[in-house]
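Count the sequence shown with the working numbering and you get residues 141 to 384, in order.
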Amino acid sequence: MDRISRIRHIIRWQDLYQEKKVIVSTYEGSEQKFTKLQGDNNLAQENKQKLTELSATLSEKITQEETHLDHILNQIDSMEKDRDNLKMSRQIKSWEKDMDRLAQDRAVIEAQFYYDKSKMGDISQELENLEGNLSTMSGEIGQLETHINGLKSETKDERKKIEVEIEEISSQFDSHFVEYFERILSKNRGIVLAEIEDDTCSGCNILLPTAFYSGTIIQSEEDSSLLQCPNCFRYLYDKEDITL
Ligand SMILES: [Zn+2]
């Protein structure tokens, strides 16, 4: 393939790349949002799982504490009934000692019980909020998915047509060039060519070496190598290259 054909091909390739980019840009943002929402959704699900497990453990602990507390209260109750039957001071002293111990136990277990109850309330509230968020997210995810799929299916034929034409063009270049060209297209947002205007690169406006000047390009017709701007590395072409 001669230089002019190569240039015409890569100009078309760049145009096709840009056309495709415009189409993809109609749903690209939604796709990013979709991916982010899915990530958030997974995190929220994991969080929900953890909180549910925590809530089950805590609920069991609270039940045990409640049983323990009931037991202590019953003991106190029955001891209080016994109080009047005690006559000997040794018995009374022992009763008072036992009662002190029970009162202490009661205070400890009550404090723990109310603390855990309040923690349980927080967890339940957090779970409720999470449920709300999850349901909102799942709605948004569903809407986005429908939106993206709609746009993708609307533009499917158009995208296919572009891909087929790019494939036809790239098949005429060697695989190293194809790989390189695709990489720079994506790196430079689809702009990898520049026209030589007078003696400057229209891409970066740098003054080109004399050998690149319009009309006096040193390459022969058979030389298929492409000129690149020494400053911005865009492939250079002369207006005449594409109008001839
Ligand atoms: Zn340049």
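Virtual Cβ for every residue (Gly too), placed ideally from N, Cα, C.
* To do: With hydrogens ignored, establish whether the beta-carbon of Ala119 is closer than 7 Å to any heavy atom of ligand 1.
  => This structure gives no information on residue 119, because the portion of the chain shown stretches from 141 to 384.
* **Distance between Gln204 and Met277 (C-alpha atoms, nearest Å)** => 37 Å
* To do: Counting only the same chain and skipping the five closest in sequence on each side, list residues whose C-beta sits under 8 Å from that of Glu303.
  => Lys160
* **CA-to-CA distance, Tyr255 to Lys237, given in whole angstroms** => Roughly 27 Å between the two C-alpha positions.
* Is any heavy atom of ligand 1 found at a distance shorter than 7 Å from the C-beta of Asn328? -> no
* State the start and end residues of the unbroken alpha helix (DSSP H) segment that holds Leu376. => Here Leu376 belongs to no alpha helix (DSSP H); instead the beta strand (DSSP E) covers 375-377.
* Mind checking whether the beta-carbon of Ala184 lies closer than 7 Å to any heavy atom of ligand 1? -> no
* To do: Express the C-alpha separation of Ser365 and Met141 in angstroms, rounding to a whole number.
  => 10 Å
* Taking 7 Å as the line, does the beta carbon of Ile346 fall inside it for any heavy atom of ligand 1? -> At a threshold of 7 Å, Ile346 counts as near ligand 1, since its beta carbon sits closer than that to one of the ligand's heavy atoms.
* **Any 3 or more C-beta pairs closer than 8 Å across the segment 228-236 and the segment 176-187** => no
* To do: Answer yes or no: do Ala351 and Ser342 have a C-beta to C-beta separation smaller than 8 Å?
  => Not closer than 8 Å, so no.
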